[in-house]
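Q:
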Amino acid sequence: MDIEHAHPDTLIAQALGWVDESTRAITLPLHFSSTYLRDPDNQYRSGRVYARADNPAFDQAEALLARLERGQQALLFASGMAAATAVFQALAPGDHVLAPKVMYWSLRNWLMTFATGWGLDVELIDMHEPAAVQAALRPGKTRLVWIETPANPLWTVTDIVATAQAAHAAGAVLAVDSTVATPLLTQPLALGADIVMHAATKYLNGHSDLIAGALVARADSELWQRIRKVRAQVGGTLGSFEAWLLLRGMRTLHLRVRAACESAQRIAEHFDGHPLVREVLYPGLPGFAGHDVAKRQMVGGFGGMMSIRVRAGEAAAVSVAAHTQLWKRATSLGGTESLIEHRASVEGVGTPAPADLLRLSVGIEHVDDLIADLEQALAA
Ligand SMILES: Cc1ncc(COP(=O)(O)O)c(C=O)c1O
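All letters in the sequence shown, in the order written, are residues 8 to 387 by the working numbering.
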């Protein structure tokens, strides 16, 4: 069995099986150089000039990510936000863009302030409603449709196949924030999307110890070349050591994601119908609005993210978060440790998060401990 034909779990565990040819090291050496030697005849045959544009420290993680997402090329960025905003910055003033009302709040905030200020015509819609997408698309004018699925913090599921078809029919590109689904549970490019974005800070790294982002393209294109230039020229590049740490984290992605999915499903089922819980929002619950679409486009689990609405209201929700002992009160997601967060407090004015909502990032601790801790916090 050669690595080329191996299962994704094997590709991940061996990070594509790369070794350092000069030393036979199993883990590739780190490159910190900011610049590269020019040939005596004034050429750059190495293909590398300056590390803001081309850093060998990114190669292995980018290659692994491209392979997992079944894309042609990948780019690492200094953060998920740097990756996401690079896509919008590659557009031109006046371009029409569709984005969901329910999405990662900081990107929504940037879109409605800086991006619109710069001249993008950004329209927020109910992206999970195919009729709303059809009605909002302006053929020839809409350049980009941005979706996030499942989407923060309500875990709204958007049909990637249907949205890609609608976007393409109108001449637009479809980009998907697939941070929560990870490359294991959903492969948006195979479902018709053009670009996938990951906040690599989350599941890809998985240890809550670095900030990073990534984009993967189904194919090279003029837009992708502009995105590449945005990274090189605006300079949202990842550090070499962070890229190395990211790859180390990625080597256990399959184990962590599988564990988080299994626990999240158990926790969702346990608290669904609980007397102190108004509602559990999780794509893996059959009664959840997006469950049927999620079943079609998510393979191997429904992710480690969910929200619960506390029946007694906002003050009780804040109190539950205050009383957890194992669940850490912190923002972010996708780490080995479970996190709990009163989401409306983070997002502020304009949030779609109900005031009684707690966002949960399920880690890889023993699930019985996580359930017991939530039970005692709810009872308190
Ligand atoms: C779904 C999603 N997209 C994008 C981001 C932004 O990533 P970063 O914090 O690495 O900039 C986040 C961060 O929370 C996120 O949850």
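Think of the CB as a built atom: it goes at the ideal place given N, C-alpha and C, for glycine as much as any other residue.
1. Take the Cβ of Val109 as the centre, count every other Cβ of all protein chains shown within 10 Å, and call the residue buried at 16 or more, exposed below.
2. Taking just the CA atoms, how far does Gly342 sit from Leu377?
3. Identify which residue in Asp16, Met8, His12, Leu181 has its Cα closest to the Cα of Arg258.
4. Report yes if the C-beta of Met88 is less than 7 Å from at least one heavy atom of ligand 1; otherwise report no.
5. Output needed for Glu321: all residues of its chain with C-beta closer than 6 Å, excluding positions within five of it in sequence on either side, in chain order.
6. Comparing alpha-carbon positions, which option in Ser368, Ala206, Arg265, His349 lies nearest Ala89?
7. For a test of your reading of the model: does the CB of Ile218 fall under 7 Å from any non-hydrogen atom of ligand 1? Yes or no.
8. CB Val152 to CB Ala122, shorter than 8 Å?
9. Determine the direct distance from the alpha carbon of Pro290 to that of Gly54, and round the result to whole angstroms.
10. Give a yes or no on whether the C-beta atoms belonging to Leu191 and Leu260 are separated by under 8 Å.
11. Looking at the structure shown, is Glu344 part of a helix, part of a strand, or coil, going by DSSP?
12. Evaluate Leu75 with the Cβ neighbour count: other Cβ atoms within 10 Å of its Cβ, from every protein chain shown; 16 or more gives buried, anything less gives exposed.
13. Measuring alpha carbon to alpha carbon, tell me which residue in Gln172, Asn62, Ala81, Val325 is nearest Ser228.
14. Please report the residue range of the beta strand (DSSP E) in which Pro107 lies.
15. In whole angstroms, what separates the C-alpha of Leu340 from that of Met312?
16. Does any heavy atom of ligand 1 sit closer than 7 Å to the C-beta of Asn159?
17. Which residues in the same chain as Ala97 place their Cβ atom closer than 7 Å to its Cβ, once the five residues preceding and following it in sequence are excluded?
18. Please list the terminal residues of the continuous alpha helix (DSSP H) segment that includes Arg350.
19. Val264: beta carbon under 7 Å from a heavy atom of ligand 1?
20. When you compare only the Cα positions, how much space is there between Trp25 and Ala60?
21. What does DSSP give as the partner residues of Arg366 in its beta bridges?
22. Counting only runs of 4+ residues fully inside the stretch 147-180, write out the alpha helix (DSSP H) ranges in chain order.
23. What does the Cβ neighbour count give for Gly307, buried or exposed, with the cut at 16 atoms within 10 Å?
24. For Pro359 versus Leu114, is the C-beta spacing smaller than 8 Å?
25. Relative to ligand 1, is the shortest distance from any of its heavy atoms to the C-beta of Ser113 smaller than 7 Å?
26. Leaving aside the five residues before and after Pro100 along the sequence, list all residues of the same chain whose C-beta is less than 8 Å from its C-beta, in chain order.
27. Go ahead and pull the three-state DSSP assignment for Gly24.
28. Please find out if some non-hydrogen atom of ligand 1 comes closer than 7 Å to the beta-carbon of Val317.
29. Just tell me which of Arg145, Ile154, Gly147 has its CA closest to the CA of Glu136.
30. If we call anything under 8 Å between Cβ atoms a contact, is Val203 one with Ser185?
31. Identify which residue in Met8, Ala329, Arg77 has its Cα closest to the Cα of Thr193.
32. Indicate the three-state DSSP secondary structure (helix, strand or coil) for Thr189 in the structure shown.
33. At 3 residues or longer, what runs of the beta strand (DSSP E) sit wholly inside the stretch 255-336?
34. Starting from Phe84 and walking both ways along the beta strand (DSSP E), at which residues does that stretch end?
35. Should Glu382 and Ser345 be called a contact, given that it needs their Cβ atoms to be closer than 8 Å?
36. With C-beta atoms as the reference, is Leu64 less than 8 Å away from Ser247?
A: Quick look at the numbers:
1. Position 102 of the sequence shown, counted from the start, is the residue given in the question as residue 109. Under this definition Val109 is a buried residue.
2. Position 370 of the sequence shown, counting from 1, holds the residue named residue 377. Position 335 of the sequence shown, counting from 1, holds the residue named residue 342. Roughly 14 Å separates the two Cα atoms.
3. Here residue 258 refers to the residue found at position 251 of the sequence shown. For the residues Asp16, Met8, His12, Leu181, the minimum Cα distance to Arg258 belongs to Asp16.
4. On the sequence shown, position 81 is the one that residue 88 refers to. Checking the Cβ of Met88 against ligand 1 gives yes.
5. Counting from one through the sequence shown, the residue named residue 321 turns up at place 314. Excluding sequence neighbours, Glu321 sits near Ala362, Asp363.
6. Position 82 of the sequence shown holds residue 89. It is Ala206.
7. The residue you call residue 218 lines up with position 211 of the sequence shown. Ile218 Cβ: within cutoff of ligand 1.
8. Position 145 of the sequence shown, counted from the first residue, corresponds to residue 152. Position 115 of the sequence shown, counted from the first residue, corresponds to residue 122. No, they are not a contact pair.
9. As a working mapping, residue 54 is identified with position 47 in the sequence shown. As a working mapping, residue 290 is identified with position 283 in the sequence shown. The alpha-carbon atoms of Gly54 and Pro290 are separated by roughly 45 Å.
10. The sequence position of residue 191 within the sequence shown is 184, counting from 1. The sequence position of residue 260 within the sequence shown is 253, counting from 1. Yes, the pair counts as a contact, with Cβ atoms nearer than the cut-off.
11. Here residue 344 corresponds to residue number 337 of the sequence shown, with the count starting at 1. Coil at Glu344, not helix or strand.
12. Stepping through the sequence shown from its first residue, residue 75 is reached at position 68. By the neighbour-count rule (16 or more Cβ atoms within 10 Å), Leu75 is buried.
13. Start at 1 with the first residue of the sequence shown, and residue 228 comes out as number 221. Selected option, being the one with the closest Cα: Ala81.
14. Numbered from its first residue, the sequence shown carries residue 107 at position 100. Run containing Pro107: 103-107, per the beta strand (DSSP E) assignment.
15. As a first step, residue 340 is located in the sequence shown; it is residue number 333 there, counting from the start. As a first step, residue 312 is located in the sequence shown; it is residue number 305 there, counting from the start. The alpha-carbon atoms of Leu340 and Met312 are separated by roughly 8 Å.
16. As a working mapping, residue 159 is identified with position 152 in the sequence shown. Yes.
17. The residue labelled residue 97 in the question sits at position 90 within the sequence shown. Correct list, in chain order: Leu230, Arg233, Ile234, Val237.
18. Indexing the sequence shown from 1 puts residue 350 at position 343. Run containing Arg350: 350-354, per the alpha helix (DSSP H) assignment.
19. Translated into the one-based positions of the sequence shown, residue 264 becomes position 257. No, the beta carbon of Val264 sits no closer than 7 Å to any heavy atom of ligand 1.
20. Walking along the sequence shown from the start, residue 25 turns up at place 18. Walking along the sequence shown from the start, residue 60 turns up at place 53. Their Cα atoms are separated by approximately 22 Å.
21. For this step, residue 366 is matched to residue 359 along the sequence shown. According to DSSP, which records beta bridges pairwise, Arg366 is partnered with Ser314, Glu348.
22. 167-176
23. Your numbering for residue 307 matches position 300 in the sequence shown. Exposed, by the Cβ-count rule.
24. Counting from 1 along the sequence shown, the entry for residue 359 is found at position 352. Counting from 1 along the sequence shown, the entry for residue 114 is found at position 107. No, these two residues do not count as a Cβ contact at 8 Å.
25. Position 106 of the sequence shown, counted from the start, is the residue given in the question as residue 113. Checking the Cβ of Ser113 against ligand 1 gives yes.
26. Sequence index remark: in the sequence shown, residue 100 carries index 93 (1-based). Only Trp125, Gly126, Leu127 meet the Cβ criterion.
27. Here residue 24 refers to the residue found at position 17 when the sequence shown is read from its first residue. In this structure, Gly24 counts as helix in the three-state DSSP scheme.
28. If you number the sequence shown from 1, residue 317 lands on position 310. Val317 Cβ: outside cutoff for every heavy atom of ligand 1.
29. Counted from its first residue, the sequence shown places residue 136 at position 129. The shortest C-alpha separation from Glu136 is found at Ile154.
30. Your numbering for residue 203 matches position 196 in the sequence shown. Your numbering for residue 185 matches position 178 in the sequence shown. Contact: yes.
31. Reading the sequence shown from its first residue, position 186 is the one you call residue 193. Closest option to Thr193, Cα to Cα, is Arg77.
32. In the sequence shown, counting from the first residue as 1, residue 189 sits at position 182. Residue state, collapsed to three classes: helix.
33. 284-288, 312-317
34. Position 77 of the sequence shown holds residue 84. Phe84 -> beta strand (DSSP E) spans 80-84.
35. Translated into the one-based positions of the sequence shown, residue 382 becomes position 375. Translated into the one-based positions of the sequence shown, residue 345 becomes position 338. No, Cβ-Cβ distance for Glu382 and Ser345 is not below 8 Å.
36. Stepping through the sequence shown from its first residue, residue 64 is reached at position 57. Stepping through the sequence shown from its first residue, residue 247 is reached at position 240. The residue you asked about is not Leu; residue 64 is Ala in the sequence shown. Yes.
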